[in-house]
Amino acid sequence: MPNVPPFVAPQPDRLLWQPATITAITRATPRVKIFTFRPADWPGFTAGQHVDLRLTAPDGYQAERSYSIASAPDATGTFDLAIDLIDDGEVSPFFHEVAEIGDTIEIRGPIGGHFVWRAEDGGPVLLIAGGSGLVPLMAMLRHRAEAAPDIPAALILSARTEDELIWRDELLQRDRDEPHFHLFATVTRETPRTPGIRHGRIDAALIEAALASLPAPPRTSFICGATPFVGAAADLALSAGLPFASIKAERYGG
Amino acid sequence: MATRGFTGRRPTDGIVERLPPGQYLTEDFPVLSAGPTPRVDLATWRFTVKDGVRPVASWSFDEFNQLPRTKLTRDIHCVTKWSKFNTAWSGVTIDDILAEAGIAAPSPFTLAHAYDGYSTNVPTDDLTNGKAMIATHFEGQPIPPNHGGPARLLVPHLYFWKSAKWVNGLQFTNRDEAGFWELRGYHMRGDPWQEQRFTGD
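Sequence lines, in order, name chains W and L.
According to numbering that gives the first Met the number 0, the first sequence is numbered sequentially starting from 0.
According to numbering that gives the first Met the number 0, the second sequence is numbered sequentially starting from 0.
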């Protein structure tokens, strides 16, 4: 059962820590802020990759975390991270309450050669996201829209409430404007107010609907979210008949 | 370089000295893998030891469970930055597997293979002398499928991606051949105390 993907993102010989300047901060949801970083020396990245951040206290104590990149690979020399506020966290409260435009943060990256997608990898592509698991998939969708809008793609997106759907308006706009992209958004803890957004957990019917929107079975499926979500979604994808080796997963949290 | 306005939340005494650099303590047991959880059938499960391409020993699940059992309670460290203390495992040490196979470790490098196609390379010295096992139980219960059951490699002193889930074989190799994550930029050894996360660390 070889599970070797067709593409392994190129890896540097050595990943060095370097300073990156925060050049923009925008609020995306009540609990998510988007930070734009400009590293001193940025080699670019592949959609789906992440970076490590390192914060240092005056006495030398350090905390590290990994965050996925949300922006499309481009020539700006910057990347966006979406940072979800975790109430009892150590790093995310710093970003939400302390960090400002102009601050310098140590980063290294890009990292990750498996959960990645390039236009050359082709499609169709099925994306399944729970909550902030959308972040690396958003980089793929934005890359696709710029580089290969003819590649069919479907996004199944689950969040607790509409207000917690990161990039809700952008995704609804893409669903309207991009003929080969279809959005299947659902919220679990409230009745949605926006037409087209569903209510309830992802299930076999939602997977079937997304698959039916694609002209052929997906070449690759990317699933990202909290551990229980990814487990359930991967089982649904297997039950829908998608080949084991075509499903890539990224999990976070406990 | 201090980060403006960051003070951090230091782990307390008794914890801080057990946390490798860049790690934080979690009470959860996060699940990490590159794809779905494979469905492994115990009726057809086999664990095979190979010297290069040559199989030298193989066990069914029932046979494997007859091998001498050992308990290991260790701290574990994931490259995604979480550490978990006092995880209690039981299984068969690599020493006992080699003894049952009737061989000494034939080469300095080992590739672990798994049912999902995953592989990871581990220096043989990091597997022997009681340092590693093929674990079948966690906290007294069979390891759940999402944590690598029915059997996973356990190399607790290295980053946890080396502890391959759904393991089905060890292959001794003459060269240090990169496994799944090692091909994708992760370190060939992965010692958390030396923060060997990525190539070149």
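For each residue, glycine too, the CB sits at the ideal point set by N, CA and C.
Just verifying my parser: in three-state terms, what is the DSSP assignment at residue i?
i	result
W:Glu-243	Checking the displayed sequence, the identity of residue 243 of chain W turns out to be Phe instead of Glu. Helix, per DSSP.
W:Ile-127	strand
W:Val-134	helix
W:Phe-93	helix
L:Asn-167	strand
W:Pro-4	Caution applies to W:Pro-4, whose pLDDT of 45 falls short of 50 and renders its modelled position unreliable; the value that the coordinates give is listed next. Three-state DSSP puts W:Pro-4 in coil, outside helix and strand.
W:Val-229	helix
W:Ser-238	helix
W:Tyr-251	strand
W:Met-139	helix
L:Ile-102	coil
L:Pro-10	coil
W:Ala-19	strand
W:Asp-51	strand
W:Ile-150	coil
L:Ala-113	strand
L:Thr-123	helix
W:Ala-144	helix
W:Leu-14	coil
L:Met-0	coil
Taking only beta-carbon positions, decide if residue i is within less than 7 Å of chain A.
i	result
L:Arg-68	In summary, chain A is missing from the structure at hand, where the protein chains are W and L.
As a quick exercise: from the options, pick the residue whose alpha carbon is nearest that of residue i.
i	options	result
W:Phe-183	W:Leu-205, W:Pro-216, W:Leu-14, W:Arg-200	W:Leu-205
W:Asp-102	W:Phe-36, W:Pro-123, W:Gln-172	W:Phe-36
L:Ala-113	L:Pro-20, L:Arg-196, L:Gln-195, L:Phe-179	L:Phe-179
W:Thr-160	W:Thr-20, W:Glu-189, W:Ala-118, W:Thr-219	W:Glu-189
W:Ala-211	W:Phe-180, W:Asp-176, W:Glu-63	W:Phe-180
W:Gly-59	L:Ser-59, L:Ala-103, L:Ala-87, L:Phe-5	L:Phe-5
L:Leu-24	L:Ala-100, L:Trp-58, L:Arg-9, L:Ala-131	L:Arg-9
L:Leu-105	L:Pro-149, L:Glu-181, L:Met-187, L:Val-48	With the sequence shown as reference, residue 105 of chain L is identified as Pro, and Leu is not the correct amino acid for it. Closest option to L:Pro-105, Cα to Cα, is L:Val-48.
L:Ser-3	W:His-198, W:Leu-54, W:Met-137, W:Gly-112	Here residue 3 of chain L is Arg; the residue named in the question, Ser, does not match the sequence. Among W:His-198, W:Leu-54, W:Met-137, W:Gly-112, the Cα nearest to that of L:Arg-3 is on W:Leu-54.
L:Pro-191	L:Thr-119, L:Phe-60, L:Arg-17	L:Arg-17
L:Val-15	L:Val-39, L:Ala-1, L:Asp-40, L:Ser-82	L:Ser-82
L:Asp-40	L:Ala-56, L:Tyr-117, L:Asp-61, L:Met-187	L:Asp-61
W:Leu-125	W:Pro-227, W:Leu-136, W:Glu-119	W:Leu-136
L:Trp-165	L:Ala-33, L:Thr-86, L:Gln-22, L:Gly-13	L:Ala-33
W:Gly-76	W:Gly-43, W:Ala-244, W:Pro-216, W:Leu-84	W:Gly-43
W:Asp-168	W:Gly-108, W:Ala-27, W:Pro-109, W:Asp-40	W:Ala-27
L:Gly-148	L:Gly-139, L:Thr-135, L:Trp-160	L:Thr-135
L:Trp-88	L:Thr-43, L:Ala-42, L:Glu-138, L:Thr-119	L:Glu-138
L:Pro-143	L:Phe-28, L:Tyr-117, L:Ala-100, L:Pro-20	L:Phe-28
W:Ile-201	W:Pro-216, W:Ala-98, W:Pro-227	W:Pro-227
L:Ala-213	L:Arg-45, L:Asn-64, L:Gln-65	Within the shown structure, residues of chain L are numbered from 0 to 200, placing residue 213 of chain L beyond reach of any answer.
L:Arg-73	L:Gln-195, L:Gly-184, L:Thr-11, L:Ser-162	L:Ser-162
- With 7 Å as the limit, tell me which residues of the segment 87-106 of chain W have their beta carbon closer than that to any beta carbon of chain L; keep them in chain order. Glu-89, Phe-93, Val-97, Asp-102, Ile-104, Glu-105
- Below 8 Å, can you find three or more Cβ-Cβ pairs linking the segment 36-54 of chain W to the segment 65-73 of chain W? yes
- Item | the segment 1-20 of chain L: positions lying closer than 8 Å to chain W by Cβ | Ala-1, Thr-2, Arg-3, Gly-4, Phe-5, Thr-6, Gly-7, Arg-8, Arg-9, Pro-20
- Task: Within the segment 53-118 of chain W, note down every full beta strand (DSSP E) run reaching 3 residues or more, in order along the chain.
- Result: 61-67, 78-83, 103-110
- Message: Which runs of the beta strand (DSSP E) at least 3 residues long sit entirely within the segment 14-87 of chain L? Give them in chain order.
- Response: 45-50, 53-59, 69-76
- Task: Return the residues of the segment 50-73 of chain W that lie within a Cβ-Cβ distance of less than 9 Å from chain L, sorted by chain order.
- Result: Asp-51, Arg-53, Leu-54, Thr-55, Ala-56, Pro-57, Asp-58, Gly-59, Tyr-60, Gln-61, Ala-62, Glu-63, Arg-64, Ser-65
- Query: Below 8 Å, can you find three or more Cβ-Cβ pairs linking the segment 116-127 of chain L to the segment 77-85 of chain L?
  - Reply: no
- Task: Can you give me, in chain order, the residues of the segment 158-177 of chain L that have a beta carbon less than 8 Å from any beta carbon in chain W?
- Result: none
- Task: With a floor of 4 residues, list each alpha helix (DSSP H) that falls wholly inside the segment 161-230 of chain W, ordered by position along the chain.
- Result: 167-176, 203-211
- Could you list the residues in the segment 235-246 of chain W with a C-beta less than 8 Å from some C-beta on chain L, going in chain order? Ala-236, Leu-237, Phe-243, Ala-244, Ile-246
- Taking only beta carbons into account, state which residues of the segment 24-42 of chain L come closer than 7 Å to chain W, listed in chain order. Thr-25, Asp-27, Phe-28, Pro-29, Val-30, Leu-31, Ser-32, Ala-33, Gly-34, Pro-35, Thr-36, Pro-37
- Item | Inter-stretch contact at 8 Å, needing at least 3 Cβ pairs: the segment 164-183 of chain L / the segment 99-112 of chain L | yes
- Message: In chain order, what are the residue ranges of uninterrupted beta strand (DSSP E) at least 3 long that sit wholly in the segment 140-196 of chain L?
- Response: 151-153, 166-172
- Item | contact_flag[the segment 51-71 of chain L, the segment 238-253 of chain W] where n(CB pairs < 8 Å) is 3 or more | no
- Where the segment 9-22 of chain W meets chain L: residues whose CB sits under 8 Å from a CB there: Gln-10, Pro-11, Asp-12, Arg-13, Leu-14, Pro-18
- Message: So if I threshold CB-CB distances at 7 Å, which residues from the segment 49-80 of chain L count as touching chain W?
- Response: Thr-79, Lys-80
- Query: Counting Cβ pairs closer than 8 Å, one from the segment 212-229 of chain W and one from the segment 92-107 of chain L, do we hit at least three?
  - Reply: no
- Residues within the segment 123-150 of chain L neighbouring chain W, beta-carbon criterion of under 8 Å: Asn-145
- Item | Three-pair Cβ contact test at 8 Å for the segment 150-165 of chain W versus the segment 112-127 of chain W | yes
- Message: If contact is defined by three or more beta carbon pairs under 8 Å, each pair taking one atom from either stretch, is the segment 145-155 of chain L in contact with the segment 235-247 of chain W?
- Response: no
- Residues of the segment 94-123 of chain L with Cβ closer than 9 Å to any Cβ of chain W, in chain order: Tyr-114, Asp-115, Gly-116, Tyr-117
- Query: Between the segment 85-93 of chain W and the segment 10-27 of chain W, do at least 3 Cβ pairs fall closer than 8 Å?
  - Reply: no
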